[in-house]
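Residue numbers (this note's numbering): 5 to 179.
In structure tokens, the structure reads:
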């Protein structure tokens with residue numbers, strides 16, 4: 005069973021704290037008993053089974069970004085901006101796009117225990133595929149796509165467009 009680091013839980017908790025207890029209470033009321041346990045006790049540095057996270061991600065995104073056309077992507081975007089601070093943010097500000105893309109496979113292994121990221125880069129386009137993770141849920145694909153958008157924003161790129169041609173595949177373009 006594929007697993008992801010629980011960093012998204014920290015992001016959810018922080019965003020709900022910003023919105024207030026009422027919004028979080030509505031979210032908590034929608035969770036299953038298993039999801040409640042994961043939300044309250046899951047640690048950012050521990051791997052959690054993807055199947056246990058997909059419902060949490062979907063429900064949290066719906067409560068956090070109810071009017072956004074892609075709430076799960078938006079949650080992933082916020083995850084990158086909240087998690088990639090300090091030295092990571094400095095790195096993204098000074099490193100070339102080529103260097104950042106070359107580090108993506110190592111970054112992938114920090115957050116996911118499945119899939120082998122294959123990256124193709126051109127001047128204004130990057131293609132990423134999670135080779136070997138054929139059953140990646142679309143929820144995870146959307147969240148990772150949002151995370152990628154956030155990284156490009158942190159690097160200063162604009163007019164970022166994301167295409168998801170299939171589960172576990174992303175195409176990012178920008179100006």
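All residues carry an ideal CB built from backbone N, CA and C; glycine is no exception.
Leaving aside the five residues before and after residue 124 along the sequence, list all residues of the same chain whose C-beta is less than 6 Å from its C-beta, in chain order.
Excluding positions up to five away in sequence, the list reads 131.
Whole runs of the alpha helix (DSSP H) within the stretch 52-82, excluding any shorter than 4 residues
The stretch 52-82 contains these whole alpha helix (DSSP H) runs: 54-68.
Rounded C-alpha distance that separates residue 22 from residue 121:
Straight-line measurement puts the Cα of residue 121 at about 33 Å from the Cα of residue 22.
Which residue marks the beginning of the beta strand (DSSP E) containing residue 40, and which one marks its end?
No beta strand (DSSP E) contains residue 40, which is instead part of the alpha helix (DSSP H) from 37-45.
Check for me: the beta strand (DSSP E) holding residue 177 runs from which residue to which?
Judged by DSSP secondary structure, residue 177 falls within the beta strand (DSSP E) whose first and last residues are 173-177.
Contact between the stretch 137-153 and the stretch 51-62 is defined here as three or more beta-carbon pairs at a separation below 8 Å; is this criterion met?
The stretch 137-153, when compared against the stretch 51-62, does touch it at the 8 Å Cβ threshold.
According to DSSP, simplified to helix, strand and coil, what is residue 133?
Here residue 133 sits in strand by DSSP.
With a threshold of 8 Å, are at least 3 pairs of Cβ atoms found where one atom belongs to the stretch 41-59 and the other to the stretch 7-20?
In short, these stretches touch, since the Cβ pair count reaches three.
Is residue 87 helix, strand or coil by DSSP?
Residue 87 falls in the helix class under three-state DSSP.
Of the residues 159, 175, 152 and 162, the one placed nearest residue 76, counting alpha carbons only
Of 159, 175, 152 and 162, the residue nearest in Cα terms is 152.
Local conformation of residue 8 per DSSP, three classes:
Residue state, collapsed to three classes: strand.
CB-CB under 7 Å to residue 19, same chain, minus the five flanking residues each way: which ones, in chain order?
Spatial neighbours of residue 19 in its own chain (CB-CB distance under 7 Å, excluding positions within 5 residues in sequence) are listed in chain order as 68 and 82.
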